[in-house]
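Chemist: If you're matching positions, the sequence shown starts at 1 in full-length UniProt numbering and goes up one per residue.
Glycine is no exception: its CB is placed at the ideal position from the N, C-alpha and C atoms.
The structure presented is a predicted model; accordingly, all values stated were derived computationally and were not measured.
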Amino acid sequence: MDRIEGVLKEERVFYPSEAFRKQAHIGSEEEYERLYRESLEDPEGFWGRVASELHWFTPWQKVLEGDLPHPKWFVGGKTNLAFNALDRHVQTWRRNKAALIWEGEPGEERVLTYHDLWREVQRFANVLKRLGVKKGDRVTIYLPMVPEAAIAMLACTRIGAVHSVVFGGFSAGALADRIKDAEAKVLITADGGYRRGGIVPLKQNADEALKDATSVEHVVVVRRTGEEVPWTPGRDHWWHELMEAASDRCEAEPMEAEEPLFILYTSGSTGKPKGVLHTLGGYMTYVYLTTKLVFDLKDEDVYWCTADVGWITGHSYVVYGPLLNGATTVMYEGAPNWPEPDRFWRIVDKYGVSILYTAPTAIRAFMKWGEGWPLKHRLDTLRLLGTVGEPINPEAWLWYYNVIGKGRCPIVDTWWQTETGGIMITTLPGAHAMKPGHAGKPFFGVKPEILDSEHRPVENPDEGGHLCITRPWPSMLRTVWGDPERFLKQYFSQHPGVYFTGDGARRDKDGYYLILGRVDDVLNVAGHRLGTMEIESALVSHPAVAEAAVVGRPDPLKGEAIVAFVTLKEGYQPSDALREELKAHVAKVIGPIARPDEVRFTDALPKTRSGKIMRRLLRQIAAGEKEIKGDTSTLEDRSVVERLKEGA
Ligand code: WT7
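1) Is the beta carbon of P472 closer than 8 Å to that of D67?
2) Tell me whether P410 sits in a helix, a strand or coil according to DSSP, three-state version.
3) Give the straight-line distance between the Cα atoms of Y572 and E419, rounded to the nearest whole angstrom.
4) I need the boundaries of the beta strand (DSSP E) containing G504, first residue and last residue.
5) Do Y357 and V302 have their CB atoms nearer than 8 Å?
6) Look at the alpha carbon of P59 and the alpha carbon of W304, and state the distance between them as a whole number of angstroms.
7) Could you tell me the distance, in whole angstroms, from the CA atom of E227 to the CA atom of D191?
8) Checking the sheet assignment: what are the DSSP bridge partners for K607?
9) Roughly how many angstroms separate the alpha carbons of G559 and K583, rounded to a whole number?
10) What residue range does the beta strand (DSSP E) around M145 cover?
11) Identify which residue in E570, A549, P556, T602 has its Cα closest to the Cα of residue 709.
12) Verify the contact flag: R518, CB atom, against every heavy atom of ligand 1, threshold strictly below 7 Å.
13) Residue ranges of each beta strand (DSSP E) run of no fewer than 3 residues wholly in the region 300 to 327, ordered along the chain?
14) E217: which of L131, Q417, P336 sits nearest, CA to CA?
15) Are G193 and P144 closer than 8 Å when you measure CB to CB?
16) Answer yes if the region 385 to 402 comes into contact with the region 330 to 337, meaning at least three C-beta pairs across the two stretches below 8 Å, and no otherwise.
17) With DSSP run on the structure shown, which of helix, strand or coil describes L516?
18) Between M367, H278, K272, which lies nearest to D521 when the distance is taken from Cα to Cα?
19) For A365 and P336, what's the separation of their Cα atoms in angstroms?
20) Can you name the residues that DSSP bridges to D555?
21) Tell me which residues share the same chain as V90 and place their Cβ nearer than 7 Å to its Cβ, disregarding the 5 neighbours each side in the sequence.
22) Is the beta carbon of G430 less than 8 Å from the beta carbon of D296?
23) Below 8 Å, how does it come out for the region 499 to 518 and the region 238 to 248: are there three or more Cβ pairs, yes or no?
24) Where does S17 land, buried or exposed, given buried means 16+ other C-beta within 10 angstroms?
25) Hey, how far is the Cα of E11 from the Cα of G464?
26) Which term fits G422, buried or exposed, when burial requires 16 or more other beta carbons within 10 angstroms of its beta carbon?
27) Roughly how many whole angstroms lie between the Cα atoms of M1 and R49?
28) Could you name the residues that DSSP lists as bridge partners for M434?
29) Could you give the distance in angstroms between the alpha-carbon of I4 and the alpha-carbon of T427?
30) Which two residues bound the contiguous beta strand (DSSP E) that contains Y357?
31) In chain order, which beta strand (DSSP E) runs of at least 3 residues are fully inside the region 76 to 145?
32) Compute the distance between the beta-carbons of Y286 and S28, then report whether it is under 8 Å.
33) Tell me which residue opens and which closes the beta strand (DSSP E) that T58 is part of.
34) Who does residue 649 pair with in a DSSP beta bridge?
35) Going along the chain, which residues put their C-beta within less than 7 Å of some heavy atom in ligand 1?
36) Return the first residue and the last residue of the alpha helix (DSSP H) that W415 is part of.
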């Protein structure tokens, strides 16, 4: 827990305005405290009440059964996510309300009402059925940020198929691994997607992945760019052709609350990404409520979460949470600085966005580009701002608050993870004071605890420890797909009986949590999670590399930058060309997000006598520290450290 320095001290506390409080769903700290207490004392009463705001084909018999690590929620209940996100609203005045406002990077615009989206989803559900997809089958989605991504996800949940969305920035190899692990039957992709004026060749990547991933019987291709793409007749189908032939009526399948909903792969501390499995009833209920209360969502809002649907934020807070609430959700395909650094602010003004949810790394980039860009726009429809993905440094918080929010909009700094399914720690915008750099308080039903290495709760304010969750919450992951042992080992073995998040944190005297960042071998690069081992195995797959060790270095823009220490095989010499080649190699193996910022050649890595690489030392060297702190007595060869420092 010694690597969180970038966080400036900021002691000021900010309060939501009286006007905001008055109109908020939860408008006072007392109300939060009362509901929080109830949610822990009577979780069944609390969550049962929330779930009954949604539609169930068959009511549950028991709200919560069992405990960590294997709780069951809404046992015996049958429901459907697409039904709750669409049919429920189509039966009301929301029928013709905008559900999805989409903008492509080149500038096209599409608005789908709830009725439109409902029909499209049913059509695509019929398409999937025609391709032989049955309840429980896996469908991999590898798409750019286009409406079809949301339609495909919702169509899967409508028929009970399990989707696995793979971020469009991942390589063919990463896609193949994920298809194989899930044994997906159908792959949905596009001819390409736009990014910073260029085209991402998704179909080519998909074809390359399918050479290796043989479970896929059919590929559905969305026509996005119009580029010429390779085609395998019989296997490949155009989305629009299949849709033309499909009926727009397809009943939602009543599904058991604990049936699988989706798999989402995320990086862990081993080389292989984990398939985090979420199930229907608990996820749906939790995401519905967090979206409503954390974003203080109202029918009048235009809500924009800038995440890609390839990440959990895109699942829970671009698609499912807003639609479950009958809200208008904005989706943008491209880069924030295309064609110019004010694209986001143009979108805010153009659609009258009232709630904006984005990442600290984006905010820091906007700061760097200068406040002239946002100042060119009115931004007067905004009423609430949010951040997610990594700790936000107080400077970026203040900039967001003043330059974007004009000191008028509360900020919610939401801490959560792929595994938690929904937001776990945050302030509620009408109830809580804000402390820049502190995420805030636990959401309803969430019982965090900070534990020391002896599993004892840390009681002193501001003392660091491991952030754990000690009670079951509805949207927690249920297992790691195909690897129940890894699920237990990864999350429930470090501190027996409780869920270990992998993050360090501390709690202040007011009960506000401050997240210190990962304590395991997981990097957070521009809000994206990457395993050091994953990048290391990509490096050693290059013929020149003997050994590699990857660490994070604090980076003013990306939070963490990737630094790779590399030893070369006999016959290879360090050179700038090789350095660039290795960076490109990693980008090709995993995807551009994993490209190392720095490759350092060395003749040896610092290891313990038992052969374990001492990443702790490498982190300090990467950060340019002159004096190496901490115990180095277990080092096998102390001179390695000196040579590494000199090599900088
Ligand atoms: C890790 C989870 C959940 C959405 C996006 C990331 C870090 C996330 C915050 C925050 C400090 C944060 C943690 C966490 N993180 N939000 N508000 N403050 N750190 O999901 O890829 O599963 O990564 O992101 O380290 O463990 P993810």
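Modeler: So, to answer that:
1) Sequence index remark: in the sequence shown, residue 67 carries index 67 (1-based). Sequence index remark: in the sequence shown, residue 472 carries index 472 (1-based). In contact: D67 and P472 (Cβ atoms closer than 8 Å).
2) The residue you call residue 410 lines up with position 410 of the sequence shown. In the structure shown, P410 sits in coil (DSSP, three-state: anything other than H, G, I, E or B).
3) Here residue 572 is taken as the residue at index 572 of the sequence shown, counted from 1. Here residue 419 is taken as the residue at index 419 of the sequence shown, counted from 1. Approximately 42 Å, taken between the alpha carbons.
4) Translated into positions along the sequence shown, residue 504 becomes position 504. Secondary structure note for G504: its beta strand (DSSP E) is the uninterrupted segment 499 to 507.
5) Counting from one through the sequence shown, the residue named residue 357 turns up at place 357. Counting from one through the sequence shown, the residue named residue 302 turns up at place 302. Cβ atoms of Y357 and V302: not closer than 8 Å.
6) The residue you call residue 59 lines up with position 59 of the sequence shown. The residue you call residue 304 lines up with position 304 of the sequence shown. So the alpha carbons of these two residues sit roughly 33 Å apart.
7) Taking the sequence shown and counting its residues from 1, the one referred to as residue 227 is at position 227. Taking the sequence shown and counting its residues from 1, the one referred to as residue 191 is at position 191. So the alpha carbons of these two residues sit roughly 6 Å apart.
8) Counted from its first residue, the sequence shown places residue 607 at position 607. According to DSSP, which records beta bridges pairwise, K607 is partnered with I613.
9) Within the sequence shown, residue 559 is the residue found at index 559, counting from 1. Within the sequence shown, residue 583 is the residue found at index 583, counting from 1. Spanning the alpha carbons of G559 and K583 requires a straight line of approximately 19 Å.
10) Numbered from its first residue, the sequence shown carries residue 145 at position 145. For M145, no beta strand (DSSP E) run applies, since DSSP gives it neither H nor E.
11) Residue 709 is absent from the structure shown; the chain starts at 1 and stops at 648.
12) Position 518 of the sequence shown holds residue 518. Inclusion of R518 in the 7 Å shell around ligand 1 follows from its C-beta lying nearer than that to a non-hydrogen atom of the ligand.
13) Secondary structure in the region 300 to 327: the beta strand (DSSP E) runs of 3 residues or longer, each lying completely within the stretch, are 302 to 305 in chain order.
14) Start at 1 with the first residue of the sequence shown, and residue 217 comes out as number 217. It is L131.
15) For the purposes of this step, residue 193 is identified with residue 193 of the sequence shown, where counting begins at 1. For the purposes of this step, residue 144 is identified with residue 144 of the sequence shown, where counting begins at 1. In contact: G193 and P144 (Cβ atoms closer than 8 Å).
16) Cβ pair count under 8 Å is below three, so no.
17) Counting from 1 along the sequence shown, the entry for residue 516 is found at position 516. In this structure, L516 counts as strand in the three-state DSSP scheme.
18) As a working note, residue 521 is residue 521 in the sequence shown. Of the candidates M367, H278, K272, K272 places its Cα closest to the Cα of D521.
19) Position 365 of the sequence shown holds residue 365. Position 336 of the sequence shown holds residue 336. The straight-line gap separating the alpha-carbon atoms of A365 and P336 is approximately 9 Å.
20) Looking up residue 555 in the sequence shown gives position 555. Residue pairing by DSSP puts D555 in a beta bridge opposite G559.
21) Looking up residue 90 in the sequence shown gives position 90. Excluding positions up to five away in sequence, the list reads Y114, H115, W118.
22) Position 430 of the sequence shown, counted from the first residue, corresponds to residue 430. Position 296 of the sequence shown, counted from the first residue, corresponds to residue 296. Judged by their CB atoms, G430 and D296 are nearer to each other than the 8 Å cut-off.
23) Output reads no: the region 238 to 248 does not touch the region 499 to 518.
24) Start at 1 with the first residue of the sequence shown, and residue 17 comes out as number 17. Exposed.
25) On the sequence shown, position 11 is the one that residue 11 refers to. On the sequence shown, position 464 is the one that residue 464 refers to. Those two C-alpha atoms are separated by around 18 Å.
26) Start at 1 with the first residue of the sequence shown, and residue 422 comes out as number 422. If you draw a 10 Å sphere on the C-beta of G422, you find 16 or more other C-beta atoms in it, and that means buried.
27) Reading the sequence shown from its first residue, position 1 is the one you call residue 1. Reading the sequence shown from its first residue, position 49 is the one you call residue 49. In this predicted model, M1 has a pLDDT of only 38, less than 50, meaning its place in the structure is not dependable enough to derive any value.
28) Within the sequence shown, the letter at position 434 stands for residue 434. Its beta-bridge partners are F14.
29) For the purposes of this step, residue 4 is taken as residue 4 along the sequence shown, with counting starting at 1. For the purposes of this step, residue 427 is taken as residue 427 along the sequence shown, with counting starting at 1. In this prediction, I4 scores a pLDDT of 39, lower than 50, which makes its location untrustworthy; the coordinate-derived value is nonetheless stated afterwards. The straight-line gap from Cα to Cα measures roughly 21 Å.
30) Along the sequence shown, read from residue 1 onward, the residue named residue 357 stands at position 357. Segment 355 to 358, the beta strand (DSSP E) holding Y357.
31) Whole beta strand (DSSP E) segments, 3+ residues: 98 to 103, 109 to 113, 138 to 141.
32) Here residue 286 is taken as the residue at index 286 of the sequence shown, counted from 1. Here residue 28 is taken as the residue at index 28 of the sequence shown, counted from 1. No, they are not a contact pair.
33) Residue numbering aside, residue 58 sits at position 58 when the sequence shown is read from its first letter. Per DSSP, T58 belongs to no beta strand (DSSP E) and is neither H nor E.
34) The chain is shown from 1 up to 648; residue 649 falls before or after that span and cannot be answered.
35) Checking every Cβ against the heavy atoms of ligand 1 under 7 Å gives T266, W311, I312, T313, T387, V388, G389, E390, P391, I392, D413, T414, W415, W416, Q417, T418, E419, A439, T501, G502, D503, I515, G517, R518, N524, G527, H528, R529.
36) Indexing the sequence shown from 1 puts residue 415 at position 415. Premise fails: W415 is in no alpha helix (DSSP H) and is neither H nor E.
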